[in-house]
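J.: Chains as they are written, first to last, in the working numbering: chain W, 150 to 507; chain S, 9 to 672.
First, the structure itself, so that you have it in front of you.
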Amino acid sequence: MSQLIKANAANVRFEGVSKIYGKDAIAVSGIDLDVEAGTLVTLLGPSGCGKTTTLRMIAGLELPTSGKIFVGDEDVTDLPATQRDIAMVFQSYALFPHMSVQENIAYGLENSRMPRNEIVERTALGMDLVGLKGFEKRLPSELSGGQQQRVAVARAIVLEPQVLLFDEPLSNLDAKLRRQVREEIRELQISLGLTVVYVTHDQEEALAVSDKIVVMDKAKIAQIGSPLDLYERPNSVFVADFIGEANILGCDVIAHGEGKSSVRVDGYEFDVGNVIPADKEARVAVRPRNIVLSAGENTNTLSGKVKKVSYVGSHYEYTISGNFGEIFAIEDSGLPIKSEGSEVSITFKDGGSCLVPI
Amino acid sequence: MFVASSAALRLPRTDPNYSRLLIITGLSTVLLVVTQGLSIGIRGWTTGWLTELFGPLEARQYGMGYGGLIFTMSALMIFCHGLASRPRKGADLFVTGAIGLVTAVVAVFVFFPIFIMLMSAFRTEDGGGSLVLFFQRLVESKLWQVDCLTGAGSCGVAVNSFLLAVSVGVVTTVLGLCFALVIVRTGFRFSKILRALSVVPIITPPFVIGLAIILLFGLSGTVTTTIADWLGLNPTRWVYGFLGVMIAQTLAFTPIAFLVLIGVVESVSPSLEEASQTLRADRWTTFKTVTLPLIRPGLANAFLLGFIESMADFGNPLVLGGNLDVLSTEIFFAIVGAQYDQSGAAILATILLGFTLIAFYFQRFWLGKKSYVTVTGKGDSGIPTQLPKRVAIPAIFIVTLWTIFTFVVYGMILYGSVVELWGVNNTITFKHYITAFGLNWNDGIVWSGAAWDSFWTTMMISVTAAPFTAALGLLTAYLLTRQKFHGQNAFEFGTMLSFAIPGTVIGVSYILAFNVPPIEITGTGLILVISFIFRNMPVGVRAGIASMTQIDKSLDESSATLGASTWATLRHVIMPLLKSATVAALVYSFVRAMTAISAVIFLVSAEYDMATSYIIGRVENNDYGLAIAYSTTLIVVMLAAILLLQFLVGRTKIGRRHAKLEAI
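Encoded structure:
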């Protein structure tokens, strides 16, 4: 894509990092984290979980209360943002309103005291890379939201940072643009081989772009894994529910096998593809897509009543109630509709459910 | 000291001893200078026990010069450097240094003189100190009696000042609100003129309006004589006193209230009002339940400003007061009068300070932590709501009346400056201008006019003070809004405190504190420059805070992640976005320095006479023509200066949407 702009991708490591505001407002509590060079890692979690604070500590905008932070094996814990080789794309883009697109992109290069001709060259390349050629002289206020976002990205990558940070970069864009921009970011990251740490609260966005997702909850890391890991094998009720809306049902574990267990929910017995220690209490998590509904009563099923049906284009959404509580299920539009109030029997697809500890 | 700090510089920066050594040497040197400065006076040691301890001194203390200044500053910076390089604090050298600098200068030029003044309020005639006597004099009935309210006599000085300040505060706030609402929220045809007009009283020396009032309503004033002829009455001196001073102050300070309120009214987010309207509230209900509560902090601010300005005003009561004694004039007469009652002046000044501090505190307490900030980083596409008719019509009515009145007053000033002798001989003449600003040609220009000396002094001092004032104010604002540090609240309170200190008090405290070593600057131009800097700095702080809170903090952060140091960020990102605040601060401090009288009157000397004190002198000799001609010239000069500055600094181009209001 370009000869001049390359990645000096480095890894990021957190060792027992905590951030406490004031006396006892704990934002981040003793987290360990490893971001491999050249990968895109997402910090995902509900608002207030500490993900943005974590990101800002990588940037050096916040200094940790305790613990150590390494970038490319160099201890940067005490370095301020200015002295770290890191660039960041802000949620609000933070483009300087009094500078043109070109001046915005050149700003970081000028601060690194690069020779003039290289600044010009790199700025042009950066604009090329994000498709903003011809907009050099515009002020940020004369650009659309999507274009402003690209300026912010260009401004960051021309610095060839060791790590590139994104703080909810898509939250100010409309839904259609969001998908497009996130794909562009991912493409850029792969083609330049950048190390990217990306904060979002949108699980779909996280699943779509990440090599690895770090799910955070209440200042701690809940689970780290690939998108597939997290979706298929959540290690807690929180993760199961946060990523892809699982149905969480109470259950009895009736047998432990080799890599699988037998489970009973309200008389329905089935196998799940994981084991949890016998002394731990467990719930079973089932994705809405993995629920099979059939009319009438059958053997070894759950039975319930359709409480609500909604048509959302590609599929139907069902809410079904029964002795087990409520289940949320999804079926493709092609299948026959179960009308509200009708009795249905429910089974789970093979391998479509798993046990999670409480 | 130098040995220790240079030893420290050899150590690596990460070594904890590096910062420790710098902190210790820096701090101890500063303390040493301060102790030495304060413990030795003109006649040797300042306290008895030091004399006993070390025996009498042969040398006296001399005023500290620039050498001392540089030495102390370097020590201070070494201390700050030490603080900044403490490990794990993430402190920035520039920020720490700036905090240290601001703290030090505020301590020396605000707190130290006030402290000295308070001390001298306790002093008795024989030189001892007495708490009892202080309280006796503090509660004297001469100060506090309220007989005028019951109609049984006159009120005390303190009561007069208080009543005057409250009424002026209320009236200016109401008028300022009317102006702001009419300009922002109605399509009133003359809005532009009103906005321009509001600047004029700011560039008017405060007592000039008093003079115009005399020309209109005085014993031989136009209005007085006309009405007296018409009704067949004898003209009276009714305008001299409470009412006259109040009218003059209202004319003078309404623009200040207006400037505060227009900012607040403009910052009310239109979408809040639009939301209210979609929730079934009509314009009047919206105004009453949304707009008005949102601008309440602005109202409190405007009132406070009017209150403090009125308390501190010296010129108008002097010119128009008649038998009305107020604190500011009494303080002046206690110092310059025959009795030269230093501690009396100090006591009056303490009371004055007490009033303004209470007002200041009350305002902060009342507004408390309520956040009314409606300026967000997000774009607001709403359009300001029109005023409801029942507010708009009376407001436009009041504004029109007041504007006409202002025009008449300024017409009088202009006319008065070219009249031979007001009320007696109404021939048009330029003789006052010639007396003041005559130029002769005699082997080069001869500045033969009587006013040239004070004019050039004033220009020089104002021009010197303005950039310092703006820089210090904006720097402080930057520290307060953009940085987090220990003792930030105290820092903010300290810097804003000088805002609540009336000029008269500054004047008295400066002569008490700075006519003796270690800082001996009475009678110099420097003391005038310094007094202007610290008197006007809080306005720079406010202007800076107001604009900086509107700049998204992520701009600083992105600049930092793009490798810019704090200083570079300040220079390339913050400053360009603050152009209008910078202009405001520069203009304001220049104009205030040109027109100030209350502190100046104490600090001028034969060599450094200022325009305003010269004019007051002319007024006291009943030389109204010259005084008014001089004032008119000042107004024109300031207007030119403002336009020039606006042109030079320019505006930041960032491109915003502007909503057009329909005309009514």
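Using N, Cα and C, we set each Cβ at its ideal position, and we do this for glycine too.
Since the structure is predicted, the reported quantities are computational estimates derived from the model, not experimental observations.
Mind pulling the chain S residues with CB within less than 8 Å of residue 236(W)?
T.: 569 and 570
J.: Could you check whether the region 608-619 of chain S touches the region 490-510 of chain S, counting it as contact only if at least three pairs of C-beta atoms, one from each stretch, sit closer than 8 Å?
T.: Result no; under three Cβ-Cβ pairs closer than 8 Å.
J.: Leaving out five residues before and five after residue 298(S) in sequence, what residues of the same chain have Cβ atoms less than 7 Å from its Cβ?
T.: 280, 281 and 284
J.: Quick one: does residue 261(W) have its CB under 7 Å from some CB of chain S?
T.: Output row for residue 261(W): interface = yes.
J.: For the alpha helix (DSSP H) containing residue 253(W), list its first residue and its last residue.
T.: 250-260
J.: Answer with yes or no whether the minimum CB distance from residue 103(S) to chain W is below 7 Å.
T.: no
J.: Between the Cα of residue 397(W) and the Cα atoms of 337(W), 386(W) and 466(W), which residue gives the shortest distance?
T.: 386(W)
J.: So the candidates are 632(S), 638(S), 628(S) and 398(S); which of them puts its Cα closest to the Cα of residue 603(S)?
T.: 638(S)
J.: So, for residue 436(W): in the same chain, excluding its five sequence neighbours on each side, which residues have a beta-carbon less than 7 Å away from its beta-carbon?
T.: When the five nearest sequence neighbours on each side are left out, the beta carbons in the same chain lying within less than 7 Å of the beta carbon of residue 436(W) are those of 393, 395 and 501, in order along the chain.
J.: From residue 157(W) to residue 237(W), what distance separates their C-alpha atoms?
T.: If you take the alpha carbons of residue 157(W) and residue 237(W), they lie about 15 Å apart.
J.: What are the boundary residues of the beta strand (DSSP E) that residue 405(W) is part of?
T.: Its beta strand (DSSP E) spans residues 401-405.
J.: Looking at the secondary structure, which residues open and close the alpha helix (DSSP H) in which residue 327(S) lies?
T.: 323-328
J.: Measure the alpha-carbon distance for residue 533(S) versus residue 469(S) and round it to whole angstroms.
T.: 7 Å
J.: Establish whether the CB of residue 591(S) and some CB of chain W are separated by less than 7 Å.
T.: no
J.: Excluding five sequence neighbours on each side, which residues of the same chain lie with their C-beta closer than 6 Å to the C-beta of residue 183(W)?
T.: 162
J.: According to DSSP, is residue 275(W) part of a helix, a strand, or is it coil?
T.: helix
J.: Would you mind stating whether residue 253(W) and residue 300(W) have Cβ atoms separated by less than 7 Å?
T.: yes
J.: For the beta strand (DSSP E) containing residue 325(W), name the first residue and the last one.
T.: In the DSSP assignment, residue 325(W) falls outside any beta strand (DSSP E) and within the unbroken alpha helix (DSSP H) covering 324-341.
J.: For residue 393(W), does the three-state DSSP call read helix, strand or coil?
T.: coil
J.: Cutting at 6 Å between CB atoms, please list the residues of its own chain near residue 269(S), excluding the five before and the five after it.
T.: 184, 185, 188, 306 and 310
J.: Using a beta-carbon distance cut-off of less than 7 Å, what residues from the region 572-590 of chain S approach chain W?
T.: 572, 573, 576, 581, 584 and 585
J.: Mind checking residue 251(W): buried by the 16 CB within 10 Å criterion, or exposed?
T.: buried
J.: Taking residue 170(S) as the reference, give the member of 84(S), 366(S) and 576(S) with the closest Cα.
T.: Closest option to residue 170(S), judged by alpha-carbon separation, among 84(S), 366(S) and 576(S): 366(S).
J.: Counting only C-beta atoms, is residue 461(S) closer than 7 Å to chain W at any point?
T.: Not an interface residue.
J.: Classify residue 566(S) as buried or exposed, calling it buried when 16 or more other Cβ atoms lie within 10 Å of its own Cβ.
T.: Its Cβ being crowded by 16 or more others within 10 Å, residue 566(S) is buried.
J.: Once you ignore the five residues that flank residue 209(W) on each side, which residues in its own chain have a CB closer than 8 Å to its CB?
T.: 225, 228, 229, 230, 231, 232, 233 and 235
J.: Going along chain S in order, which residues have a C-beta closer than 8 Å to the C-beta of residue 256(W)?
T.: 567, 570, 572 and 580
J.: Can you check DSSP and say which residues form a bridge with residue 476(W)?
T.: 469(W)
J.: Can you check DSSP and say which residues form a bridge with residue 372(W)?
T.: 364(W)
J.: Assign residue 504(W) to one of three DSSP states: helix, strand, or coil.
T.: Looking at residue 504(W) - three-state DSSP - the assignment turns out to be strand.
J.: Between the region 399-412 of chain S and the region 538-546 of chain S, can you find at least three pairs of beta-carbon atoms closer than 8 Å?
T.: Result no; under three Cβ-Cβ pairs closer than 8 Å.
J.: Where does residue 464(W) sit, in a helix, a strand or coil, going by DSSP?
T.: strand
J.: Decide if residue 417(S) is buried, meaning its Cβ has at least 16 other Cβ atoms within 10 Å, or exposed.
T.: buried
J.: Only counting runs of 3 or more residues, tell me where the beta strand (DSSP E) segments fall wholly within the region 330-358 of chain S, in order along the chain.
T.: none
J.: For residue 631(S) and chain W, any beta-carbon pair shorter than 7 Å?
T.: no
J.: I want to verify the contact list: residues of chain W whose CB lies under 7 Å from the CB of residue 563(S), in sequence order.
T.: For the C-beta of residue 563(S), the chain W residues within less than 7 Å are, from N- to C-terminus, 243 and 245.
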